[in-house]
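Novice:
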Amino acid sequence: MENDATNRPPEEAAPAPTDPGPDAGAGAVAVAVDVAGTVPPAAGAGSGPVPPVSGSAAVPGQAPVAPRQRRREVGPLPYALVVPSVLLLVGLLGYPLYVLVRTSFQLLDLRQLVRRQTVWTGLDNYATVLSDSEFWAVAVRTLVFAAICVGLTIGIGTLVALLMRRVGKGMRLLVAAGLLLAWATPPVSAATVFRWVFDEQYGVVNWAVTRLTPLDWSQHSWFADRYSAFAVIILCVVWQAVPFVALTLYAALTTVPDEVLEAARIDGCGPWRAFRHVTAPMLKPVFLILTSLSVIWDLKVFTQVYVITRGGPDRQTVLINLYTYTQGFGVSRFGVASAAAVIMVALTLLVTVWYVRVMVRVGEEDL
Amino acid sequence: MSALRSRRGTAAANLTAVVVFLLFVFPVYWMVSTAFKPAGDIRTFDVSLFPTTVTLENFRTAIGADGFWRFMRNSLIVSAAVTFLAVLVALLAATAVARFRFRGRRTYLLMILVVQMVPLEALVIPMYLTLRDADLLNVLPVLVATYMAFVLPFTVWTLRGFVAALPVELEEAAMIDGASRWGAFWRITFPLMGPGLVATSVFAFIQAWNEFILALTLMERQNQTLPVWLGTFKTAQGTDWGGLMAGSTLYAIPVVIFAVLLQGRIAGGAAAGAVKG
Amino acid sequence: MHRRLRTVAVAGVAVALFAAGCGGDDPADAAAGGGDTQAKDITVWLMNGSAPESVIEAVNKDFAAKYPDTKVNVEIQQWDGIQEKTTTALAGNNPPDVLEIGSTLVSKFAESGGLKDLTGKKGELGGDTWLQGLTDAGTLDGALYGVPYYAGDRAVLYRKDLFAKAGVTTLPTDRASFVAAAEKLQATHGKDKQFSALYFPGQYWYAALPFVWDEGGDVAVKDGDSWKGALDSPQSQAGLGWLKDVVTRFSKAPVNGNENDNDPAVPLGEGKAAMIIDAGWKVGTVLKAKPALKDQIGVFPIPGKTAGSTAPVFLGGSNLAIAEGSDAGDLAYEWVKLLSGSKAQTDLATTGGVIPNSTGLLDIHKDDPILSVFDAAAKNSRSTPATPKWANVESSTILQDMLVAIFSGSKSIPDATRSASEAITKTLNA
Chain W
2 MENDATNRPP EEAAPAPTDP GPDAGAGAVA VAVDVAGTVP PAAGAGSGPV PPVSGSAAVP
62 GQAPVAPRQR RREVGPLPYA LVVPSVLLLV GLLGYPLYVL VRTSFQLLDL RQLVRRQTVW
122 TGLDNYATVL SDSEFWAVAV RTLVFAAICV GLTIGIGTLV ALLMRRVGKG MRLLVAAGLL
182 LAWATPPVSA ATVFRWVFDE QYGVVNWAVT RLTPLDWSQH SWFADRYSAF AVIILCVVWQ
242 AVPFVALTLY AALTTVPDEV LEAARIDGCG PWRAFRHVTA PMLKPVFLIL TSLSVIWDLK
302 VFTQVYVITR GGPDRQTVLI NLYTYTQGFG VSRFGVASAA AVIMVALTLL VTVWYVRVMV
362 RVGEEDL
Chain S
389 MSALRSRRGT AAANLTAVVV FLLFVFPVYW MVSTAFKPAG DIRTFDVSLF PTTVTLENFR
449 TAIGADGFWR FMRNSLIVSA AVTFLAVLVA LLAATAVARF RFRGRRTYLL MILVVQMVPL
509 EALVIPMYLT LRDADLLNVL PVLVATYMAF VLPFTVWTLR GFVAALPVEL EEAAMIDGAS
569 RWGAFWRITF PLMGPGLVAT SVFAFIQAWN EFILALTLME RQNQTLPVWL GTFKTAQGTD
629 WGGLMAGSTL YAIPVVIFAV LLQGRIAGGA AAGAVKG
Chain Z
4 MHRRLRTVAV AGVAVALFAA GCGGDDPADA AAGGGDTQAK DITVWLMNGS APESVIEAVN
64 KDFAAKYPDT KVNVEIQQWD GIQEKTTTAL AGNNPPDVLE IGSTLVSKFA ESGGLKDLTG
124 KKGELGGDTW LQGLTDAGTL DGALYGVPYY AGDRAVLYRK DLFAKAGVTT LPTDRASFVA
184 AAEKLQATHG KDKQFSALYF PGQYWYAALP FVWDEGGDVA VKDGDSWKGA LDSPQSQAGL
244 GWLKDVVTRF SKAPVNGNEN DNDPAVPLGE GKAAMIIDAG WKVGTVLKAK PALKDQIGVF
304 PIPGKTAGST APVFLGGSNL AIAEGSDAGD LAYEWVKLLS GSKAQTDLAT TGGVIPNSTG
364 LLDIHKDDPI LSVFDAAAKN SRSTPATPKW ANVESSTILQ DMLVAIFSGS KSIPDATRSA
424 SEAITKTLNA
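Chains as they are written, first to last, in the numbering used here: chain W, 2 to 368; chain S, 389 to 665; chain Z, 4 to 433.
#1: Residue range of the beta strand (DSSP E) that Z:E103 falls in?
#2: Tell me, please, whether the CB atom of W:V369 is closer than 7 Å to any CB atom in chain Z?
#3: Assign Z:T309 to one of two classes, buried (16 or more other C-beta atoms within 10 Å of its C-beta) or exposed (fewer than that).
#4: What are the partner residues of Z:E78, as DSSP defines its beta bridges?
#5: Using only CA atoms, which one of S:T495, S:L480, S:L473 and S:P507 lies nearest to S:M581?
#6: Pick from Z:K293, Z:A314, Z:N360 and Z:Q189: whose alpha carbon is nearest that of Z:T132?
#7: On the DSSP letters alone, give me the boundaries of the alpha helix (DSSP H) that W:Y127 sits inside.
#8: For Z:P213 and Z:V376, I'd like the C-alpha separation in whole angstroms.
#9: Considering Z:V150, what are the terminal residues of the beta strand (DSSP E) in which it resides?
#10: From the beta carbon of S:K622, is the nearest beta carbon of chain Z less than 7 Å away?
#11: Taking S:M678 as the query, report the chain W residues whose CB atoms sit under 7 Å from its CB, ordered along the chain.
#12: Any C-beta of chain Z sitting closer than 7 Å to the C-beta of S:V648?
#13: Secondary structure at Z:S413, three-state DSSP: helix, strand or coil?
#14: So with Cβ pairs under 7 Å, would you call W:F224 a contact of chain Z?
#15: Below 7 Å between beta carbons is the criterion; list the residues of the region 61–89 of chain Z that meet it against any residue of chain W, in chain order.
#16: Considering Cα atoms alone, identify which of W:W137, W:M172 and W:F245 is closest to S:A400.
#17: Do we get a CB-CB distance below 7 Å when we pair Z:K275 with the residues of chain S?
#18: How long is the line joining the alpha carbons of W:E201 and Z:G193, rounded to whole angstroms?
#19: Beta carbons nearer than 8 Å to chain Z: which residues of the region 297–311 of chain W have them?
#20: Along the alpha helix (DSSP H) that carries S:F593, what are the first and last residues, could you check?
#21: Looking at S:W629: is its Cβ nearer than 7 Å to the Cβ of S:R493?
#22: Determine the extent of the beta strand (DSSP E) in which W:W208 is found, giving its start and end residues.
#23: Short of 7 Å Cβ to Cβ, which residues in the region 129–155 of chain W face chain S?
#24: I want to verify the contact list: residues of chain S whose CB lies under 8 Å from the CB of Z:M50, in sequence order.
#25: Hey, quick one: how far does the beta strand (DSSP E) through W:I149 stretch, first residue to last?
#26: Report the start-end ranges of each alpha helix (DSSP H) in the region 253–309 of chain W that is 4 residues or longer and not cut off at the edges.
#27: Under 7 Å Cβ-Cβ, which residues of chain S neighbour W:A191?
#28: State the Cα-Cα distance for the pair Z:V58 and Z:F253, rounded to the nearest angstrom.
#29: Report all residues from its chain with a CB closer than 7 Å to the CB of Z:I373; omit the five preceding and five following residues, and keep chain order.
#30: Counting along the chain, where does the beta strand (DSSP E) carrying Z:K231 start and finish?
#31: Where does S:L525 fall in DSSP's three states?
#32: What does a CB cutoff of less than 7 Å around W:I234 pick up in its chain, not counting 5 residues either side in sequence?
#33: Does any C-beta atom of chain Z lie closer than 7 Å to the C-beta of S:L480?
#34: Using a Cβ-Cβ cutoff of less than 6 Å, which residues in the same chain neighbour Z:E425 once the five nearest sequence positions on both sides are dropped?
#35: Using DSSP bridges, identify the partner residues of Z:P359.
#36: Determine the contact status of W:V206 and W:F195, defining contact as a CB-CB distance below 7 Å.
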């Protein structure tokens with residue numbers, strides 16, 4: 002990653018392992034000086050607070066300024082290159098999204114769906130969703146759930162990546178193989194297996210606890226209590242999310258030069274401080290991307306809840322996507338479901354914006 | 389002294405690695421080992437960690453169940469087509485956003501990020517309504533098109549990092565030597581993108597491979613895919629756990645093969661993709 | 004490095020070629036298969052496991068003899084996601100001509116306008132001998148939309164050997180003797196901590212309702228034009244209270260489990276349960292895993308409160324419907340007529356072991372000590388409230404949540420039944 006020194010001004014070519022310092026914040030405005038130089042300075046500054054996008058990832062200490070020596074005319078080429086994807090997305094996703102928003106203003110129960118009736122109801126569906134106390138409970142629950150999943154995924158992923166860096170090749174391959182198998186397992190099958198492994202009577206966990214410890218868990222129910230039910234769901238989600246994070250972080254770690262860590266060690270840094278002050282800042286862009294992707298994914302979790310608890314006990318593990326789904330195919334109120342989905346996307350957007358802003362304030366990220 | 393501590397540290401790290409491996413592998417092991425157990429040994433009160441009797445009966449049931457090969461064929465066609473098209477289109481877009489700064493680039497990337505927030509489950513009815521009006525339900529290429537809607541954004545997002553990570557200088561040098569921009573890209577940059585393309589392909593493939601609800605609702609039996617087929621093992625008479633686990637194993641095999649073959653590249657590529665932009 | 008790159012390139016090309024190659028012929032092939040709904044063909048959707056293949060083949064043979072130019076495509080649908088599938092199919096441009104629909108879902112789809120009104124054909128189909136429960140389920144506002152296909156109900160399956168060992172010599176004939184038998188069984192076999200005299204997964208609402216009905220309670224009652232949840236009535240609470248006591252004392256099944264994940268047939272087969280409440284074909288499930296139990300499984304009806312009575316049972320099953328959008332409605336009707344007619348029904352009851360759709364055939368299993376009990380029980384059977392909104396109560400898992408709350412003790416019976424009743428009232432009148 003950091004080897005692309007040519008992409009940054011010469012004086013910043015060396016990796017900057019420590020805090021980049023005050024001028025790091027210049028990133029937002031610095032867009033002005035661009036690869037092609039086609040964006041006038043005002044445009045960059047005028048975009049105001051840095052747009053809420055994660056993404057990329059400029060190297061810490063490197064203003065995302067393209068070197069002046071690489072100016073070249075842009076012309077129509079980049080537009081020609083993005084046009085196919087834009088057309089596809091507008092057609093394949095944009096239109097259904099428009100239909101989604103449109104149906105959120107319609108009464109669309111099974112009867113209207115089958116008889117192809119269009120009944121406009123204004124904001125009724127939104128009123129229904131927003132006045133449903135369950136919706137708010139579900140929304141808050143989903144945020145907490147996603148926060149826990151993201152935290153655990155990134156945390157465990159980092160530890161596994163560090164472990165892979167620490168051990169020899171054989172062990173590294175072993176861990177990588179385990180990660181790959183977990184990753185490649187179909188989510189439905191994975192959730193079914195987790196439900197089973199934690200089953201009260203046929204589950205290997207209760208069996209092992211009863212056998213190996215003095216506790217008798219032969220009748221212990223994991224799914225009767227919402228916290229332990231959530232624990233199983235979270236475990237399943239994290240289990241499948243860690244491989245991507247760990248493998249990505251491991252690859253990123255291999256680019257942290259050993260000399261830098263060695264220097265830190267000689268300076269008396271313990272492993273934790275070395276990670277905290279040397280490695281982590283260098284990997285911040287990777288963390289930013291992985292975290293924002295994880296946030297997006299974990300706010301959408303559906304399969305695991307559907308298979309493992311179906312929202313039980315007493316609907317206490319219903320997450321927002323299952324709520325939306327139940328409103329739709331469950332009780333055939335597709336208009337209400339659409340409104341709930343629109344609200345959910347808005348919430349996701351808010352969370353991501355908030356997250357990226359915080360990150361941008363701390364660092365200096367740019368698209 | 390220090391060497392001793394280091395050796396102890398290595399031993400501890402190796403031990404941890406084994407534990408991590410076992411934790412990640414156990415659910416997969418449980419799925420596969422169950423697939424080899426005879427019906428009476430599967431959901432029992434007396435849990436056995438290893439199959440005492442090994443049988444291929446469940447695999448026979450699974451492969452014999454309701455047109456397994458047809459579903460497999462549909463799944464392979466759809467996932468391969470989605471992967472190919474998504475990566476192709478994303479490659480163009482990724483090159484544009486990684487190599488050029490142009491007006492609208494930021495908006496474009498923002499759009500790519502935002503559309504990933506839309507839950508697929510919420511789009512089922514809108515997609516259904518759209519296709520119904522166009523009379524395009526139950527057409528396999530249409531399933532490919534709907535999958536593109538959620539695979540493409542992620543593919544662009546990932547691939548753009550890979551492209552950006554490649555040094556542009558080689559390309560420029562080739563151009564100075566008289567190559568056309570296209571020639572330079574094709575001969576210099578494209579070959580270097582192998583790992584990135586492969587990693588992105590795996591991401592795209594897995595997403596398409598695992599999709600269930602669109603295949604169920606937009607397609608009829610002859611055009612449905614393996615995730616729908618897995619439901620074969622849940623009948624009015626109860627769940628055939630052995631068949632389900634054998635089916636899941638068969639279903640996971642192509643992805644595992646695909647992923648394991650390309651293992652090293654996934655990791656390297658993903659990092660590059662994430663780091664650079 | 005170079006070799007690696009080449010491998011990658013080869014892999015990429017292979018994927019591309021594969022995509023192109025397969026994409027070239029197969030989608031066209033598949034599209035052709037999907038598109039050609041000639042008026043001469045009919046498509047039939049049956050549920051996975053509902054009828055033995057031989058029964059359907061026989062029906063198709065009879066049909067082909069009458070209509071040699073019509074091809075019948077029978078497609079077996081999976082239970083997973085069937086509501087989604089039926090919804091989109093009925094709203095689609097090419098719905099299947101004939102659909103099997105679970106009895107409690109018929110009125111929902113009928114109300115949407117997706118099913119053909121078959122009221123005029125009722126006499127011709129032999130509607131006056133149909134089982135009342137299935138006929139009611141297939142009827143909405145006096146009009147017939149779902150032709151009764153087959154029925155299923157539940158009784159108590161028990162282990163004869165475990166009963167004998169516990170000294171239970173006479174079968175329970177009322178709830179008091181049922182409890183007495185359970186006490187003996189638990190005392191004899193309870194050394195095994197996983198043993199249940201009655202294995203009852205907490206969400207198993209089909210098996211809970213008989214006790215509610217037996218006390219005179221109900222799920223919901225019609226009050227003029229609206230419905231009112233009735234699980235909080237004193238009668239319903241009494242039935243649930245009795246059941247809670249039994250489940251707490253005699254069942255080691257997961258309190259939050261359901262009858263699919265925690266199939267009662269498993270503990271019965273393994274000797275971890277002496278009694279379960281389940282359908283007749285579960286005997287086959289037990290024997291498949293434990294063939295040695297061949298003569299050890301017996302059955303008796305779910306006991307009622309008063310001596311000698313039995314509790315009303317939940318009559319489940321399926322109906323056959325014709326899609327309103329079918330372009331071959333007459334042919335579809337002829338096919339439905341064959342499958343619901345006495346020849347196919349006799350066949351179905353004999354080979355499939357289900358309860359046939361007609362009271363005229365109810366003595367078909369009279370020599371079968373197991374199935375005859377189920378047939379007899381069907382005569383005193385009930386169903387869920389006959390309203391299109393009922394399906395929403397099922398998909399909102401209101402009954403399951405209530406039962407789990409009661410059995411786990413997380414809510415008192417009055418609290419749990421009150422909130423369930425409120426939810427049911429709200430859902431049925433939405």
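C-beta: ideal position from N, C-alpha, C; glycine also. Please read these numbers as outputs of a predicted model, since none were measured by experiment.
Specialist: Taking the structure as given:
#1: V101 to G105
#2: Past the boundaries of the shown model lies residue 369 of chain W; chain W is included only from 2 to 368, so the question cannot be answered.
#3: exposed
#4: DSSP output for Z:E78 lists Z:W48 as bridge partner(s).
#5: S:L480
#6: Comparing alpha-carbon positions, the option among Z:K293, Z:A314, Z:N360 and Z:Q189 lying closest to Z:T132 turns out to be Z:N360.
#7: D125 to L131
#8: 16 Å
#9: V150 to G155
#10: yes
#11: The displayed coordinates of chain S run from 389 to 665. Any statement about residue 678 of chain S would go beyond what the structure contains.
#12: So, not an interface residue.
#13: Three-state DSSP puts Z:S413 in coil, outside helix and strand.
#14: yes
#15: Taking 7 Å as the Cβ-Cβ cut-off against chain W, the residues of the region 61–89 of chain Z that qualify are Q86 and E87.
#16: W:M172
#17: yes
#18: 18 Å
#19: R311
#20: Residues G582 to N598.
#21: no
#22: Not the beta strand (DSSP E): W:W208 falls in the alpha helix (DSSP H), residues V205 to L213.
#23: Going along the region 129–155 of chain W in chain order, one finds no residue with a Cβ nearer than 7 Å to chain S.
#24: A624
#25: Looking at the DSSP string, W:I149 is not in any beta strand (DSSP E); the run it does join, the alpha helix (DSSP H), is S134 to R167.
#26: 259–267, 272–275, 281–300 and 304–309
#27: P415
#28: 40 Å
#29: G283, V286 and V302
#30: S229 to G232
#31: coil
#32: Q305, V306, I309, T310 and T318
#33: no
#34: none
#35: Z:P359 pairs with Z:Y153.
#36: The Cβ-Cβ distance between W:V206 and W:F195 does not fall below 7 Å.
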